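Heads up: the structure comes next, in structure tokens.
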């Protein structure tokens, strides 16, 4: 998946935005067979400003306009805010939020179902992971300790530095399906500064390598007539789902 090809006219593109090279490397492990249109994975760089600039360039710097707007998914790693989360858990945002506002995500429950149904290659090993649904907070710095707990009291279930800016920048360029899916790399009981960080990072990387088929399913669903994704809007108290990875 090249960094930024011009989409073919008439075919609906999907733009997947991540901040880090290792995230993009993990996403490139999945194939795009059966994709509804061109799939582009953009490495934005770290932080909200870099993310917003990169997505703006990706959505405007194309040679031919597609027949339908480019769908956008923000993805990569995040910090979990909910006690009991583990590295490798998945977070599907029903909205992203930061001090600049909030963006509602499309097809949240459908995307969570698609992620939960993924079957990893080879024997199933390791602990069961959970797909969590809820608000994803945006920050301009790494969040730890008391600040993590304070964010959780606002209702957010995870935090990262790019998703809110990515989706805000995407919808500013016009109405389109947007979503955010993050993999927990640290959590309240598993902070990055603690022993076991490497193991948590490996778990998160392994999970991120599996998500692309779910993204392609979500993209295909977004193209169906009648607003199919809207019919899968998730209630705020949607339960988590276990998924073996």
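Residue numbers (my numbering): 874 to 1118.
Glycine included, each C-beta is placed from N, C-alpha and C at the ideal position.
For clarity, every value in this text was computed on a predicted model and none was experimentally measured.
- When the five nearest sequence neighbours on each side are left out, the beta carbons in the same chain lying within less than 6 Å of the beta carbon of residue 971 are those of 1011, 1037, in order along the chain.
- For the options 888, 1027, 895, 933, the alpha carbon positioned closest to that of residue 919 is the one of 895.
- Judged by their CB atoms, residue 1057 and residue 962 are nearer to each other than the 7 Å cut-off.
- Here residue 1005 is buried, its C-beta having at least 16 other C-beta atoms within 10 Å.
- Annotation for residue 1030: no alpha helix (DSSP H) segment contains it, and DSSP assigns it neither H nor E.
- For residue 953, the beta-bridge partners assigned by DSSP are 1031.
- DSSP, read as helix, strand or coil, puts residue 1092 in helix.
- The stretch 895-909 makes contact with the stretch 1077-1095, as at least three CB pairs between them are under 8 Å.
- CA-to-CA, the gap between residue 1096 and residue 1045 works out to about 20 Å.
- The shortest CA-to-CA distance from residue 1032 to any of 1021, 1040, 1041 is the one to 1021.
- Judged by DSSP in its simplified three-state form, residue 1039 adopts helix.
- Put simply, of 943, 906, 893 the residue whose alpha carbon is nearest the alpha carbon of residue 1078 is 893.
- If you keep only unbroken beta strand (DSSP E) runs of at least 3 residues inside the stretch 888-975, you get 912-916, 944-953, 963-971.
- Counted as a single uninterrupted DSSP element, the stretch harbouring residue 1048 is not any alpha helix (DSSP H), since DSSP gives it neither H nor E.
- For residue 954 against residue 1025, the beta-carbon gap comes to about 4 Å, under 8 Å, which counts as contact.
- Assignment of residue 1016 by DSSP, reduced to helix, strand and coil, places it in the coil class.
- From the listed residues 944, 1042, 931, 948, the smallest Cα separation to residue 1054 is found for 948.
- Between residue 923 and residue 917 a beta carbon distance of about 5 Å is seen, short of the 8 Å cut, so the two are scored as contacting.
- Put simply, the backbone Cα of residue 951 is about 7 Å away from that of residue 1059.
- Apart from the 5 residues on each side of it in sequence, residue 946 sits with its Cβ closer than 6 Å to the Cβ of 889, 1052, 1088 in its chain, given in chain order.
- Within its own chain, the residues whose Cβ lies closer than 7 Å to the Cβ of residue 1091, once the five positions on either side in sequence are excluded, are 980, 983, 984, 987, 1052, listed in chain order.
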